[in-house]
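Engineer:
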Ligand SMILES: [Zn+2]
């Protein structure tokens with residue numbers, strides 16, 4: 276059985292840009308490019324690939340990619356049902372299950388985003404410059420469960436993630452005294468990490484805490500620099516068995532444990548659910564899943580050398596740090612202030628690529644890519660002798676996580 | 003016609019057969035919560051089955067419309083044309099609802115004066131003849147609680 280233990284053996288990405296800037300190739304073609312680069316990085320051939328996995332209602336169907344990439348056979352095509360960015364590590368987890376059970380030998384997990392070619396997230400396809408339909412406003416039929424859920428929040432103008440996730444963050448501030456400056460320090464730290472990363476969209480744009488505090492308010496307490504980037508780009512990772520990994524030139528990174536899920540009654544999280552239990556409201560909703568992850572790996576937060584934490588918004592990172600037990604509940608602010616997240620001298624170097632706040636927003640699959648690089652010694656902010664890396668996907672939505680290890 | 007706070011171009015509610023009765027009550031200015039007739043557990047948004055006892059039987063309980071701010075955000079980006087900025091989105095803990103909260107807006111209040119715990123009451127905004135949206139404003143001081 277140990278010969279089938281899943282390893283990530285290749286990573287790849289296309290260029291990353293500001294959203295709407297990639298117009299010369301389709302989002303689909305970009306996915307092909309990222310997959311090709313990841314397979315090449317693994318030292319494998321496209322003829323070895325027999326599985327594809329993605330998440331977040333991917334528009335780039337595996338069946339077309341398999342045909343275009345000339346896969347000899349598609350034995351595993353899978354999409355995660357955790358919404359949005361919550362599904363990134365879950366897609367890795369599903370690929371892991373496929374190779375460990377023999378469903379497939381080599382599965383590529385991919386994500387491609389060109390928001391300019393479709394609609395921009397957070398607008399629901401609406402344009403605030405267009406006046407109302409002259410018909411009087413009325414209740415309309417929801418075409419799906421997700422729309423029926425969003426339909427209970429939209430009439431109040433709650434359509435933008437920056438506003439939705441401001442709600443639990445504001446409550447965290449109320450309960451524990453968390454400050455905007457603490458959130459700002461987190462953003463500044465990730466920007467500093469991005470400064471060494473040539474792939475980072477914000478690599479050449481240093482940020483100070485003063486810059487953060489001067490950035491425009493979007494949805495209080497979220498200032499512009501508390502919000503992740505909106506990007507175009509694609510990335511991919513290759514998952515195969517330990518046995519196959521042994522024959523490859525580059526070292527494989529073992530998937531020590533993976534988990535996905537949501538606590539009882541969570542539904543889509545605070546975006547549409549005001550009735551998350553009080554004890555869970557000002558959290559990332561990941562604590563229960565984190566406990567399962569640690570138990571499965573036989574490890575704890577103290578064993579993590581480097582972390583890549585899903586950062587759609589600064590407050591969501593802070594709440595995840597508490598969920599995963601890196602500090603006590605309510606102490607995320609002082610933990611950030613201690614410099615813990617910094618590449619140099621931090622006890623938990625986090626988002627060494629710059630994260631979604633400063634590298635790119637590829638729905639967090641770029642965090643898995645960086646997790647692999649950080650254990651292979653390929654990160655542009657390398658953590659010496661790192662052996663265990665935590666990667667998380669999403670928070671304040673049903674989410675997922677993997678623990679990666681280098682032996 | 004009621005006082006207006008948001009433009010007609012705000013996103014309209016999208017409802018399923020399960021959530022539609024909630025909006026129908028709202029059109030009559032009744033703020034209701036769904037209640038399990040088997041175990042009395044209340045739930046929101048409306049859902050087909052009681053998550054506590056798994057009964058599919060339920061009725062609608064009208065609540066007072068009073069409550070307090072559980073959390074909030076001051077939003078500075080418009081969703082709809084002609085919208086006044088900033089606007090307030092809040093989660094309101096509803097009195098007499100069995101511990102339920104709803105997402106709504108705060109109106110008639112300076113954003114700087116909003117705090118978690120602020121006592122509020124419902125105010126109905128008639129968007130059209132058959133659509134009323136519950137928003138909330140601070141409880142006026144002279145009214146007895
Ligand atoms: Zn019941």
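Residue numbers (my numbering), protein chains in the order written: chain A, 276 to 682; chain B, 3 to 147. Where a beta carbon is used, it is the ideal one built from N, C-alpha and C, also for glycine.
Could you say if the stretch 526-541 of chain A and the stretch 486-505 of chain A meet the contact criterion of at least three C-beta pairs nearer than 8 Å?
Structural biologist: no
Engineer: Check whether the Cβ of residue 56 of chain B sits closer than 8 Å to any heavy atom of ligand 1, and report yes or no.
Structural biologist: In the second chain, counting from the first residue as 1, residue 56 of chain B sits at position 54. In this structure, residue 56 of chain B has its CB closer than 8 Å to one or more heavy atoms of ligand 1.
Engineer: Give every residue of the same chain whose Cβ lies closer than 8 Å to the Cβ of residue 38 of chain B, excluding the five residues on either side of it in the sequence, and list them in chain order.
Structural biologist: Locating residue 38 of chain B in the second chain gives position 36, counting from the first residue. 44, 45, 52, 54, 55, 57, 59 and 60.
Engineer: Got a sec: does ligand 1 put a non-hydrogen atom nearer than 8 Å to the Cβ of residue 99 of chain B?
Structural biologist: Taking the first residue of the second chain as 1, we reach residue 99 of chain B at position 97. For ligand 1, not one heavy atom lies less than 8 Å from the Cβ of residue 99 of chain B.
Engineer: What span of residues does the alpha helix (DSSP H) with residue 630 of chain A cover, start to end?
Structural biologist: Indexing the first chain from 1 puts residue 630 of chain A at position 355. Start and end: 630-633.
Engineer: Cutting at 6 Å between CB atoms, please list the residues of its own chain near residue 642 of chain A, excluding the five before and the five after it.
Structural biologist: To locate residue 642 of chain A, count along the first chain from 1; it is residue 367. In the same chain as residue 642 of chain A, and ignoring 5 residues on each side of it, the C-beta atoms closer than 6 Å to its own belong to 583 and 666, in chain order.
Engineer: Between the stretch 429-441 of chain A and chain B, which residues of the former have a C-beta closer than 7 Å to a C-beta of the latter?
Structural biologist: 429, 430, 431, 432, 433, 434, 435, 438 and 441
Engineer: Whole angstroms is fine: what's the gap from residue 147 of chain B's alpha carbon to residue 92 of chain B's?
Structural biologist: The residue labelled residue 147 of chain B in the question sits at position 145 within the second chain. The residue labelled residue 92 of chain B in the question sits at position 90 within the second chain. Note that residue 147 of chain B has pLDDT 49, beneath the 50 cutoff, so the model's placement of it is unreliable and the number below is only indicative. Cα to Cα, residue 147 of chain B sits roughly 21 Å from residue 92 of chain B.
Engineer: In chain order, what residues of the same chain have a beta carbon less than 8 Å from the beta carbon of residue 293 of chain A, not counting five sequence neighbours either side?
Structural biologist: Taking the first chain and counting its residues from 1, one reaches residue 293 of chain A at position 18. Taken in chain order, the residues that qualify are 476, 504, 505, 506 and 507.
Engineer: Could you check how far apart the C-beta atoms of residue 474 of chain A and residue 585 of chain A are, in whole angstroms? I think they sit under 8 Å.
Structural biologist: Here residue 474 of chain A refers to the residue found at position 199 of the first chain. Here residue 585 of chain A refers to the residue found at position 310 of the first chain. The pair is not a contact, with the Cβ atoms about 18 Å apart (cut-off 8 Å).
Engineer: Please name the residues in the stretch 66-87 of chain B whose beta-carbon is closer than 9 Å to at least one beta-carbon of chain A, in chain order.
Structural biologist: Listed in sequence order: 72, 73, 74, 75, 76, 77, 78, 79, 80, 81, 82, 83, 84 and 85.
Engineer: If residue 283 of chain A sits next to residue 647 of chain A, beta carbons under 8 Å apart, how far is it from one beta carbon to the other, in whole angstroms?
Structural biologist: On the first chain, residue 283 of chain A is found 8 positions in, with the first residue counted as 1. On the first chain, residue 647 of chain A is found 372 positions in, with the first residue counted as 1. About 5 Å separates the Cβ atoms of residue 283 of chain A and residue 647 of chain A, confirming a contact at the 8 Å cut-off.
Engineer: If the criterion is Cβ atoms closer than 9 Å, does the pair residue 319 of chain A and residue 367 of chain A meet it?
Structural biologist: As a position in the first chain, residue 319 of chain A is number 44, starting the count at 1. As a position in the first chain, residue 367 of chain A is number 92, starting the count at 1. Not closer than 9 Å, so no.
Engineer: In angstroms with no decimal places, state the Cα-to-Cα distance between residue 615 of chain A and residue 624 of chain A.
Structural biologist: Counting from 1 along the first chain, the entry for residue 615 of chain A is found at position 340. Counting from 1 along the first chain, the entry for residue 624 of chain A is found at position 349. Going from the Cα of residue 615 of chain A to the Cα of residue 624 of chain A covers about 7 Å.
Engineer: Give a yes or no on whether the minimum CB-CB distance between residue 494 of chain A and chain B is below 9 Å.
Structural biologist: Taking the first residue of the first chain as position 1, residue 494 of chain A is located at position 219. Interface residue, yes.
Engineer: Is it buried or exposed for residue 465 of chain A, if we count other Cβ within 10 angstroms and need 16 for buried?
Structural biologist: In the first chain, counting from the first residue as 1, residue 465 of chain A sits at position 190. So residue 465 of chain A ends up on the buried side.
Engineer: Among the candidates B:12, B:9, B:21 and B:7, whose CA atom is the shortest distance from the CA of residue 424 of chain A?
Structural biologist: Taking the first residue of the first chain as 1, we reach residue 424 of chain A at position 149. Considering only alpha carbons, the answer is B:21.
Engineer: Determine the extent of the alpha helix (DSSP H) in which residue 314 of chain A is found, giving its start and end residues.
Structural biologist: Against the first chain, residue 314 of chain A aligns to sequence position 39. Per DSSP, residue 314 of chain A belongs to the alpha helix (DSSP H) from 302-317.
Engineer: Taking any Cβ of chain B, which residues in the stretch 586-608 of chain A have a Cβ under 8 Å from it, in chain order?
Structural biologist: Within the stretch 586-608 of chain A, no residue places its CB atom closer than 8 Å to a CB of chain B.
Engineer: Flag residue 46 of chain B as yes when its Cβ comes closer than 8 Å to any non-hydrogen atom of ligand 1, and as no otherwise.
Structural biologist: Taking the second chain and counting its residues from 1, one reaches residue 46 of chain B at position 44. Result no, Cβ not under 8 Å from ligand 1.
Engineer: Note down, in chain order, each residue of its chain lying with its Cβ closer than 7 Å to the Cβ of residue 567 of chain A, except the 5 sequence neighbours on either side.
Structural biologist: For this step, residue 567 of chain A is matched to residue 292 along the first chain. Excluding positions up to five away in sequence, the list reads 534.
Engineer: Tell me whether residue 629 of chain A is buried or exposed, calling it buried when 16 or more other Cβ atoms sit within 10 Å of its Cβ.
Structural biologist: To locate residue 629 of chain A, count along the first chain from 1; it is residue 354. Residue 629 of chain A should be labelled buried.
Engineer: Which ranges would you report for the beta strand (DSSP E) in the stretch 444-500 of chain A if only whole runs of at least 3 residues count?
Structural biologist: 492-495
Engineer: Using a Cβ cut-off of 9 Å, pull out every chain B residue sitting near residue 422 of chain A, in sequence order please.
Structural biologist: Against the first chain, residue 422 of chain A aligns to sequence position 147. The contacting residues are 16 and 18.
Engineer: Locate the beta strand (DSSP E) running through residue 94 of chain B, then write down its first and last residues.
Structural biologist: As a first step, residue 94 of chain B is located in the second chain; it is residue number 92 there, counting from the start. Note, residue 94 of chain B: beta strand (DSSP E), 89-96.
Engineer: Out of B:143, B:104, B:132 and B:134, point me to the one whose CA is closest to residue 274 of chain A's CA.
Structural biologist: No answer is possible for residue 274 of chain A: it lies beyond the span of chain A, which begins at 276 and ends at 682.
Engineer: Are at least three pairs of beta-carbons, each pair with one atom in the stretch 443-463 of chain A and one in the stretch 104-114 of chain B, less than 8 Å apart?
Structural biologist: no
Engineer: Since residue 121 of chain B and residue 430 of chain A should fall inside the 8 Å C-beta cutoff, what is the C-beta to C-beta distance between them, to a whole number of angstroms?
Structural biologist: Residue numbering aside, residue 121 of chain B sits at position 119 when the second chain is read from its first letter. Residue numbering aside, residue 430 of chain A sits at position 155 when the first chain is read from its first letter. Not confirmed; about 23 Å, so no contact.
Engineer: Can residue 43 of chain B be considered in contact with ligand 1, in the sense that its beta carbon sits closer than 8 Å to one or more heavy atoms?
Structural biologist: Mapped onto the second chain, residue 43 of chain B falls at position 41. Between ligand 1 and the CB of residue 43 of chain B, the shortest heavy atom gap is smaller than 8 Å.
Engineer: Can you give the Cα-Cα distance for residue 351 of chain A and residue 287 of chain A, rounded to whole angstroms?
Structural biologist: As a position in the first chain, residue 351 of chain A is number 76, starting the count at 1. As a position in the first chain, residue 287 of chain A is number 12, starting the count at 1. Taking the straight line from one Cα to the other gives about 20 Å.
Engineer: Residue range of the beta strand (DSSP E) that residue 522 of chain A falls in?
Structural biologist: As a working note, residue 522 of chain A is residue 247 in the first chain. Careful: residue 522 of chain A lies outside any beta strand (DSSP E) and carries neither H nor E.
Engineer: Hey, quick one: how far does the alpha helix (DSSP H) through residue 684 of chain A stretch, first residue to last?
Structural biologist: Shown here, chain A extends from 276 to 682; a query on residue 684 of chain A therefore has no answer.
Engineer: Report all residues from its chain with a CB closer than 6 Å to the CB of residue 593 of chain A; omit the five preceding and five following residues, and keep chain order.
Structural biologist: Counting from 1 along the first chain, the entry for residue 593 of chain A is found at position 318. For residue 593 of chain A, where only same-chain residues beyond five positions count, the Cβ hits under 6 Å are 607.
Engineer: Where DSSP assigns a beta bridge to residue 63 of chain B, which residues make up the other side?
Structural biologist: Numbered from its first residue, the second chain carries residue 63 of chain B at position 61. Its beta-bridge partners are B:35.
Engineer: Going straight from the alpha carbon of residue 353 of chain A to that of residue 459 of chain A, what length do you get?
Structural biologist: For the purposes of this step, residue 353 of chain A is taken as residue 78 along the first chain, with counting starting at 1. For the purposes of this step, residue 459 of chain A is taken as residue 184 along the first chain, with counting starting at 1. Taken atom to atom, the span from the alpha-carbon of residue 353 of chain A to that of residue 459 of chain A is near 37 Å.
Engineer: Could you work out which residue in A:415, A:346 and A:397 is closest to residue 338 of chain A when comparing CA atoms only?
Structural biologist: One-based indexing of the first chain puts residue 338 of chain A at position 63. The shortest C-alpha separation from residue 338 of chain A is found at A:346.
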